[in-house]
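So the sequence shown is residues 1 to 116, counted in full-length UniProt numbering.
Structure first, then comments.
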Amino acid sequence: VSFCKLSPVLNIQCLCNPFCLSPGAGDMWRAYSDMREANYKNADKYFHARGNYDAAQRGPGGAWAAKVISDAREGWQGGVSGRGAEDTRLDQEANEWGRNGGDPNRYRPAGLPEKY
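In structure tokens:
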């Protein structure tokens with residue numbers, strides 16, 4: 001039995017619809033692209049929180065996509081980047097803050113251009 005066939009019973013049908021998930025994934029990509037473009041010192045936690053916040057505002061599918069993308073990125077980055085467990089923990093804290101509806105500006109560094 002496929003997960004998607006069970007989803008009406010579990011009331012999570014949105015998770016099986018790529019059109020429902022894609023806007024949240026797009027929000028995550030937009031935050032990542034903005035972070036790369038801004039290239040601003042100490043801004044990464046802000047962009048983590050913002051991407052997760054924006055995606056989660058789209059509903060359960062967006063929140064789910066944000067969690068999966070965040071966890072995958074941190075799992076990969078934690079093993080490859082050399083930034084260490086503490087940086088990964090702080091990134092995940094910002095991810096969860098945004099996903100739970102917290103204001104991303106909590107992590108916004110002074111002087112980051114307003115366009116972000």
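Even for Gly, the Cβ is constructed at its ideal location relative to N, Cα and C.
Excluding five sequence neighbours on each side, which residues of the same chain lie with their C-beta closer than 8 Å to the C-beta of residue i?
| i | result |
| --- | --- |
| residue 42 | 109 |
Would you kindly work out how many angstroms separate the C-alpha atoms of residue i and residue j, rounded to a whole number?
| i | j | result |
| --- | --- | --- |
| residue 25 | residue 86 | 25 Å |
| residue 112 | residue 40 | 7 Å |
| residue 104 | residue 76 | 23 Å |
| residue 34 | residue 89 | 22 Å |
| residue 107 | residue 46 | 4 Å |
| residue 115 | residue 93 | 24 Å |
Let me know the secondary structure DSSP gives residue i once reduced to three states.
| i | result |
| --- | --- |
| residue 103 | coil |
| residue 116 | coil |
| residue 43 | coil |
| residue 109 | coil |
| residue 92 | helix |
Round the Cβ separation of residue i and residue j to the nearest angstrom and send it over; I've been treating them as touching at under 8 Å.
| i | j | result |
| --- | --- | --- |
| residue 61 | residue 31 | About 17 Å separates the two Cβ atoms, so there is no contact after all. |
| residue 49 | residue 101 | Not confirmed; about 11 Å, so no contact. |
Who are the Cβ neighbours of residue i in its own chain at under 6 Å, not counting the five residues just before and after it?
| i | result |
| --- | --- |
| residue 99 | 52, 56, 63 and 66 |
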